[in-house]
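In our numbering, the protein residues as written are 32 to 352. Glycine included, every Cβ here is placed at the ideal spot set by N, Cα and C.
So, in structure tokens, the structure goes:
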């Protein structure tokens, strides 16, 4: 039935990969990364996850170009070609929170966004964005031109609760010290995240995590990827470029003051897959048993509006001792 509904849509009729295929990509990366949970080797976590993700994409015949992803020169870095160019544009994060995995801490995920070629927005080459995310009940409550207290009051009103009842996710970074003080002064609770720029937004958008909002400054590419998932989850996002220096202020130009919402950041016809690596409020962790492993994933489809939480048991070969 879902395939029939998809075929009736007029745009990008063949451009979105099958959801079940896309989640196999993040499952592969998560299974590879989770083998190194708590073993203190962050670089190994990144490399095995990227290799597993690339192999899964190639085995599934899902070719295209990586448009969004983590900074660096890895095998799935921005600009990389997967298989035959022209099939899809990808946003990839083989593992967000590699340091979390290496230290055995929660909230690491693997994520892929896929859509038709040319679908992702082209923004000024500024590394960071200021961002705010809320779930579906508070859609329309965000305005980054207003102060933190005003935004939290509107979110609380939309959720029919007090500001003191809200939980706000914030990345634990020195640049957020002033923001944290504003949230505290407003009376809301704070969930400090050691890592997980994308995960913070997902925690705020999902309705089963106990997180009501995410505020802060993080990567531009992560902001776009998070916005794709947040929109599919029914949440709301607002972002603004955050130039770090005069060079980036020149690059931002008039767009430096512009507010970007889902309409500007989220393409039509995308599909998103996210798999938990170390687990947390969003998704359960990878765990291993005798000859099997289990993963928990989110499969999101912008066209159909479907949100699936999928628990999968995989047959695996026992590693050598």
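Query, Result
"Close Cβ partners of residue 97 (< 6 Å) along its chain, the five nearest in sequence each way excluded", "107, 109, 111, 121, 123"
"Neighbour-count burial assignment, residue 177, 16 or more Cβ in a 10 Å radius", "exposed"
"Exposure of residue 101, with buried meaning 16 or more beta-carbon neighbours within 10 Å", "buried"
"Residue 134 - DSSP class collapsed to helix/strand/coil", "helix"
"For residue 286, the nearest candidate out of 277, 275, 271, 300 (CA to CA)", "271"
"Where the alpha helix (DSSP H) through residue 259 begins and ends", "251 to 263"
"Distance, residue 321 Cα to residue 346 Cα", "9 Å"
"Residue 328, DSSP secondary structure in three states", "strand"
"Residues of its chain near residue 51, where Cβ-Cβ distance is below 8 Å and the 5 sequence neighbours each way are ignored", "330"
"Delimiting residues of the beta strand (DSSP E) encompassing residue 306", "302 to 307"
"Simplified DSSP state of residue 35, which is helix, strand or coil", "Residue placement at residue 35 is poorly supported in this model, since its pLDDT is 29, which falls under 50; the coordinates still yield a value, given next. It is helical."
"For residue 294 and residue 336, the rounded distance between their alpha carbons", "16 Å"
"Residues sharing a beta bridge with residue 146, DSSP", "120"
"For residue 335, three-class secondary structure by DSSP", "coil"
"6 Å Cβ shell around residue 339 - same chain, five flanking residues per side excluded", "330"
"With 16 other Cβ atoms within 10 Å as the buried cut-off, status of residue 327", "buried"
"DSSP-derived helix/strand/coil call for residue 160", "strand"
"Beta-ladder partner(s) of residue 295, from DSSP", "In DSSP, residue 295 forms no bridge with anything."
"Opening and closing residue of the beta strand (DSSP E) in which residue 10 lies", "Nothing about residue 10 can be read from this structure; the chain reaches only from 32 to 352."
"Cβ separation of residue 139 and residue 250, assumed to be a contact under 8 Å, to the nearest whole Å", "Not really, about 16 Å apart at Cβ, beyond 8 Å."
"Inter-residue Cα distance where the pair is residue 78 and residue 266", "32 Å"
"Endpoints, beta strand (DSSP E) assigned at residue 175", "From DSSP, residue 175 is part of no beta strand (DSSP E); its letter is neither H nor E."
"Exposure label - residue 182; buried when at least 16 CB within 10 Å", "buried"
"Those runs of the beta strand (DSSP E) which lie wholly inside the segment 189 to 226 and span at least 3 residues", "198 to 202, 220 to 224"
"Span separating the alpha-carbon of residue 231 from that of residue 148", "28 Å"
"Neighbourhood of residue 88 by C-beta distance below 6 Å, restricted to the same chain and skipping five residues each side", "56, 113"
"Neighbourhood of residue 71 by C-beta distance below 8 Å, restricted to the same chain and skipping five residues each side", "133, 134"
"Nearest-angstrom beta carbon gap, residue 246 and residue 297 [assumed within contact, 8 Å]", "Rounded, the Cβ-Cβ distance is 19 Å, inconsistent with contact."
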